Amino acid sequence: MRKPTFETMTNIFLKNFFQGLVIIGPIGLTIYVIYFVITSIDNIIPSVARQIPGLVFISVLLVTALLGYLGNKFVVGRFFVDAVDSLLEKTPGIKHIYSSTKDVMSSFVGDKKKFSDPVWVKTNENPEIWRIGFLTQKEMADVDKHNYVAVYLPHSYAISGWVIVTEEKNIKPVIGMSAATAMKFAVSGGVAGFHSDENIFKAPE
């Protein structure tokens, strides 16, 4: 049996080290993000956070959920939410920040979320190239773009994206993927599989 060389042992170590990074990296980053969010919200009231860590965070979650419930289920709550919304929409200076934030938030969550219609978009004819995106405007006639649609294309490994306006003939509905799975597929750079949590890419054995 040949004795392992220093180079062989180094290669084995590096292979296992990087495999360990693949395993621990996402876990560590997830824990860090959760910790950062919790501590940032906790520090809204530092004195309480020092006495009972996590109390402010839990309180914010409960109050937010309660406001959402009252705003949807009760007439008085809905009236109050609409009144505040109308006030902020009409306040000079503030309305631009509020409207933009509201539009972005409602695009991802809530009853009016926009990214719910995944489509394939042909972005090049020769060679034929298709990208996955989300149909955001089915009709562009108001801006003199008849038979055109607007599609949002998310960037991979980022929370950003860009919008293109293309002819209807250049899009096809995505079959076999939910909106959430399509977003996961796009944002992961195609690494995430088409079904559940399976991956297209797997680390070599």
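Heads up, the sequence shown is in this note's numbering, so the first residue is 464 and it goes up one at a time. Even glycine gets a Cβ: it sits at the ideal position worked out from N, Cα and C. Source: prediction; values computed, not measured.
Apart from sequence neighbours up to five positions away, the residues of its chain that approach Ile627 with a beta-carbon distance below 8 Å are Val584, Thr586, Gly596, Ala613, Val614 and Leu616, ordered along the chain. In the structure shown, Lys565 adopts helical secondary structure according to DSSP, grouped into three states. Scanning its chain for C-beta atoms nearer than 7 Å, with the 5 sequence neighbours on each side dropped, one finds around Met646 the residues Phe578 and Pro617, in chain order.
By the neighbour-count criterion, in which a residue is buried when 16 or more other Cβ atoms sit within 10 angstroms of its Cβ, Ala655 is buried.
At a Cβ-Cβ threshold of 9 Å, Gly534 and Phe543 count as neighbours.
Apart from the 5 residues on each side of it in sequence, Tyr561 sits with its Cβ closer than 6 Å to the Cβ of Leu551 in its chain, given in chain order. Residue nearest to Asp545 within the set Leu530, Pro555, Ile486 and Thr468 is Leu530 (criterion: CA-CA distance).
For Ile622, the closest of Ile638, Ala649 and Lys536 by C-alpha to C-alpha distance is Ala649.
In terms of CA proximity to Asn633, Ile592 leads the group Ile592, Gly652 and Ser651. Looking at the backbone, the Cα of Ile507 and that of Ile557 are separated by about 22 Å.
In this structure, Pro581 lies near Ser641, with their beta-carbon atoms less than 9 Å apart. Straight-line spacing of the CA atoms in Trp625 and Thr502 works out to 32 Å.
When rounded, the separation of the alpha-carbon atoms in Asn610 and Thr599 is 14 Å. DSSP, reduced to helix, strand and coil, places Ile508 outside both helices and strands of the structure shown, so it counts as coil. At the C-beta level, Val511 and Leu518 come within 9 Å of one another.
Judged by their CB atoms, Ile494 and Val523 are not nearer to each other than the 9 Å cut-off. Distance from the CA of Val547 to the CA of Asp605, rounded to the nearest whole angstrom, comes to 30 Å.
When DSSP assignments are scanned along the region 471 to 527, the uninterrupted stretches of alpha helix (DSSP H) that are 4 or more residues long and fall wholly within it turn out to be 509 to 514.
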